[in-house]
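Counting in our numbering, the sequence shown runs from -12 upward without gaps.
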Amino acid sequence: MSIYTITPLPTLVAGIGALRALPEQLHRLHARALLLISDQGMAAAGWAGRVHDLLADRYPVDTFLAPPGEPCIATVDAGVTAARILGTGVAVVGLGGGTALDIAKLVAAVSAGTRPMQDYMMCANPYAGKLPSLMIPSTSGTGAEVTRTCVVTDADGRKSWAWGDELCPDVALLDPEITVTLPPTLTAATGIDAFVHAVEAATAQRINAIVEGYALQAIRLICTALATAVAEPHDLKARQQMQEAACLAGIAINQCGTGIAHNIGHALGTVAHLPHAIAVAIAMERSLAWSVDADPGRYQAVASAMRPGSSGNDVPHLFMELLEAADFDRAARPYHGTKVGYAGLLDSMLSAENLPMMANNARVPTQDEMGYLASRVVAGWPQGSL
Ligand SMILES: [Zn+2]
C-alpha cells in the first residue's frame, strides 16, 4: 500500500447562525482590513451587504463583485489590485458560490507575490505566501471552502486550474441560512456535483481509508437531504446536511482527487461553456456504467452508502434515481440544445490540464476508451438532445 499524506484542514465553523462568528474569526487571523469578494447574486440577495455591515464598524472593508461566469485570469488580477490598495494586514473574505470562492482564494495567494495570475497556472511557479483568508459558501457543491484547487479559464478560453497549499483557506464558515435563497435548479445541480466529488474520491486510484470515511458520509448525507433541499428550500436541517456533505466531499477530493466525470466535465466547460455542475452531472451519467462495469466491487461501499443492501452494479441506476429525486432535468433543460462536437470534446479530454483526472478514475481509460466515452457524451443527454 502506498504512503499517503493528509494535509491540514481549514478551521471549520458550522451551524445555523455561524455567520455571527465572522468578526471573532477575523480577529483571530489578525486582520486589519478586509477585501470582501462576492458575486452579483449574493449582492442582489442582500448577503454581501449584510456581511459588509457586520464588519464595517471594525475594519476598512472594500467589496469586489466577481463578474458572471467562471473565474478568469483578468478577474483575479483585478482582485489582487483591489487587495493591494487596502495596504498591509489585509484578509480576504470569499462569499458566494465556487466562482467567488475560487477568485478569493487566488487573490489571497497571488497578492502575496509580485507575479500576475498567469504565472501560477498549473503550478508553473510556487506562490510567495498568502494573505489570511476566510470562505463562506452560498452553494453546497464545489467544496471550494476546503480545497487547494481553483478552476480558472486561461487566456485562450480553456478551463484550466491552479493548485497549491497557499490556496487552502484558513477558515471555512458554513451557515445554512445563507443557502436558503439558492434556487432549486442550482441546489440540484451543485448538490449533484458534490455527490460526484464524493463518488469519484471514494473510488479513486489515490483513495485511502481515512478519506474514504469523509466521502462515504458525504454520499449518505446527499442521498438523505438533496431532494428535500430542492423541494423545500427553507428546510434548514436539509440545507445544513447538504452544506456538510459538500464540505466533506470537498475534503475528499482535496486529498484524493476526482475522476473521469470531471475530466469530461471540464472538457465540456471548454468546448460548450456548460456550467461546471451541469457538465459534471452529464458526464457522470454518460460514464458511470462504464466505470462500474470493470470492477463493481470497487463501488460496493458507495452502493451501501447510497442504499443499504444494494451492490456496486446498482450504482448507475441509483444515480439516475438521485437525479430524478433532485429534479435535475429541470436544471439541465436550458442546455438541452447545446451542440458538442466529438473531435473537439475528445481533444480537450486528452489535453494536459485534464489528464490527472483521467489517470485517477476508478477504471483508467485507454486512449480508445476515451474516444468511446466522448462518443457516449455526444450521443445525447438526455435522449440525443445535447
Ligand atoms: Zn466538481
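We put the beta carbon where it would ideally sit given N, CA and C, even for glycine. Just so it is clear, the structure is predicted and the values come from calculations on it, not from any experiment.
So, under 8 Å CB-CB, residue i and residue j are touching, yes? Tell me the CB distance rounded to an integer number of Å.
i    : j    : result
S120 : K146 : Contact doesn't hold; Cβ gap of about 23 Å is too wide.
P124 : L161 : 7 Å
S412 : Y322 : Past the boundaries of the shown model lies residue 412; the chain is included only from -12 to 373, so the question cannot be answered.
V22  : V77  : For clarity, residue 22 is Leu in the given sequence; the question names Val instead. Indeed, because the Cβ distance is near 6 Å, the residues count as touching under 8 Å.
T126 : T166 : 7 Å
L9   : L41  : 6 Å
G128 : A20  : Not a contact, Cβ separation roughly 30 Å.
Y286 : I238 : Not quite, the Cβ-Cβ distance comes to about 20 Å (not below 8 Å), so this is no contact.
F306 : M271 : 7 Å
A259 : V327 : 5 Å
P303 : V279 : 6 Å
Out of the options, which one is the CA nearest neighbour of residue i?
i     : options                     : result
I(-7) : D40, A189, K117 and N195    : N195
R37   : L82, A18 and G144           : L82
A318  : L169, A281, N348 and P283   : L169
V94   : L73, K117, T75 and M108     : K117
E356  : V302, L333 and S338         : L333
G252  : G284, H221, H184 and L6     : H184
G2    : C243, A232 and P163         : P163
N341  : N250, L16, W34 and A236     : N250
T257  : T50, W34 and E57            : E57
S25   : G33, P10 and R19            : G33
W150  : P262, I(-10), A175 and A96  : A96
P295  : D64, R207 and A20           : R207
M29   : P113, V67 and G85           : G85
T177  : I(-10), A232 and V79        : A232
P382  : L173, V158, T68 and F306    : Within the shown structure, residues of the chain are numbered from -12 to 373, placing residue 382 beyond reach of any answer.
P54   : S(-11), I90, V80 and A43    : I90
L(-1) : A225, A115 and D157         : D157
C234  : A115, T325 and M122         : M122
G284  : R350, P220 and D152         : R350
A35   : Y107, V80, S(-11) and P(-5) : V80
C210  : A281, E311 and N241         : E311
A339  : R7, T75, C110 and A31       : C110
T325  : L255, Y114 and I179         : L255
CB-CB under 7 Å to residue i, same chain, minus the five flanking residues each way: which ones, in chain order?
i    : result
I60  : M104, Q105, V139, D141 and A142
L337 : M357
D64  : P103 and M104
S379 : With the chain represented from -12 up to 373, any question about residue 379 goes unanswered, as that position is not in the structure.
Q27  : L52 and P55
R45  : P10
Between which residues of its own chain and residue i is the CB-CB distance below 8 Å, once the five residues before and five after are set aside?
i      : result
A288   : A189, E199 and L203
L360   : I247, I251, R273, S274, W277, M336 and P352
A5     : L160, L161 and D162
A175   : L213, V217, A313, D314, F315, R317 and A318
H39    : L23, V48 and T50
I(-10) : none
Q12    : T(-2), V0, L121, V158 and L160
S298   : P283, Q287 and A290
Q223   : Checking the sequence, you will find Leu at residue 223 rather than Gln. Cβ neighbours of L223 beyond the five flanking positions: I3, P163, E164 and V167.
Measuring only from the beta carbon, is residue i closer than 6 Å to any heavy atom that is part of ligand 3?
i     : result
P(-5) : This structure lacks ligand 3; the ligands present are ligand 1.
On the DSSP bridge list, what partners appear for residue i?
i    : result
D180 : Looking at the DSSP assignment, D180 forms no beta bridge with any residue, so it has no partner.
V158 : T(-2) and L121
I24  : F51 and G81
C59  : T140
Going by DSSP, what residue range makes up the alpha helix (DSSP H) through residue i?
i    : result
P10  : L9 to R15
L261 : Where L261 is concerned, there is no enclosing alpha helix (DSSP H), given that its DSSP letter is neither H nor E.
V217 : A196 to A218
E231 : L223 to C243
A346 : L342 to A346
V133 : Neither: V133 is in no alpha helix (DSSP H) and is coded neither H nor E.
V385 : Lying before the first or after the last residue shown, residue 385 is absent from the chain, which here runs from -12 to 373.
P376 : This structure does not reach residue 376, given that the chain is present from -12 up to 373, and the question cannot be answered.
L374 : Residue 374 is absent from the model: the chain starts at -12 and stops at 373.
D316 : F315 to A319
Y359 : Q354 to V365
M336 : Y329 to M336
Q287 : Q287 to M293
Can you tell me where the beta strand (DSSP E) with residue i in it begins and where it stops?
i    : result
V48  : V48 to A53
V77  : V77 to G83
A149 : K146 to W150
T136 : T136 to T140
Once you ignore the five residues that flank residue i on each side, which residues in its own chain have a CB closer than 6 Å to its CB?
i    : result
A236 : G130, A181, H184, A185 and A205
Q192 : N347
Q354 : none
C243 : A188, A191, R193, I194 and V198
A225 : A212, T215 and A216
G371 : For G371, the predicted model reports a pLDDT of 44, less than 50, meaning its position is unreliable; a value from the coordinates is still stated below. Excluding sequence neighbours, G371 sits near nothing in its chain.
T75  : none
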